[in-house]
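Enquirer: Below are the structure tokens for one structure; questions will follow.
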Amino acid sequence: MTFEGTMENIVLVFEAVGVAIIAIGGLIALVGGVRDFGHFERFFVDVRRGFGRPLILGLEVLVAADVIKTITVDPSLESVTVLGILVAVRIALSFSLDIEVDGMVPWRRAAMHAAAREAESDGAT
Numbered sequence: 020m021t022f023e024g025t026m027e028n029i030v031l032v033f034e035a036v037g038v039a040i041i042a043i044g045g046l047i048a049l050v051g052g053v054r055d056f057g058h059f060e061r062f063f064v065d066v067r068r069g070f071g072r073p074l075i076l077g078l079e080v081l082v083a084a085d086v087i088k089t090i091t092v093d094p095s096l097e098s099v100t101v102l103g104i105l106v107a108v109r110i111a112l113s114f115s116l117d118i119e120v121d122g123m124v125p126w127r128r129a130a131m132h133a134a135a136r137e138a139e140s141d142g143a144t
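See below:
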């Protein structure tokens with residue numbers, strides 16, 4: 020087997036793993052939300068939050084597959100341009116999903132956790 024053939028197989032594995040993460044994570048989120056099905060608003064929010072994390076992770080794995088493919092299999096100017104566009108779209112999507120799931124921009128999350136730890140330590144003393 021050639022190097023390119025091996026890399027194509029690795030890319031296929033990454034793509035399959037990325038899709039599996041999204042599909043299985045979505046199914047788990049849906050099944051986990053069924054307990055709140057009587058309260059539709061809570062069901063909707065829980066399923067969206069539960070599905071957001073696997074979707075973000077799956078997108079990251081798919082980006083890795085695209086990077087590997089572009090670097091090793093088809094390193095042309097056209098494929099690099101397409102990769103740049105795909106990565107930009109996926110970054111924007113991941114960023115907006117992260118805000119949607121956590122309810123805040125990512126750089127505020129660290130400050131919030133630090134403040135919570137500080138409040139915990141103040142209350143413990």
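Here the sequence shown stands for residues 20 to 144, where the numbers follow my numbering.
Glycine included, each C-beta is placed from N, C-alpha and C at the ideal position.
To the nearest angstrom, how far is it from the Cα of residue 77 to the Cα of residue 47?
Expert: Approximately 14 Å between the Cα atoms of the pair.
Enquirer: Can you give me the C-alpha to C-alpha distance between residue 92 and residue 100, rounded to a whole angstrom?
Expert: Near 15 Å, if we compare the C-alpha coordinates of residue 100 and residue 92.
Enquirer: Less than 7 Å between C-beta atoms, sequence neighbours within five positions excluded: which residues of the same chain meet that for residue 161?
Expert: The shown model of the chain, from 20 to 144, leaves out residue 161, and the question about it has no answer.
Enquirer: Considering only the beta carbon of each residue, do residue 34 and residue 105 sit closer than 8 Å?
Expert: Their beta carbons are not under 8 Å apart, which means residue 34 does not touch residue 105 by this criterion.
Enquirer: Within 10 angstroms of its Cβ, does residue 57 collect 16 or more other Cβ (buried), or is it exposed?
Expert: It is exposed - the Cβ of residue 57 has fewer than 16 other Cβ atoms within 10 Å.
Enquirer: If the criterion is Cβ atoms closer than 8 Å, does the pair residue 75 and residue 113 meet it?
Expert: Against a cut-off of 8 Å, the Cβ pair of residue 113 and residue 75 comes out as a contact.
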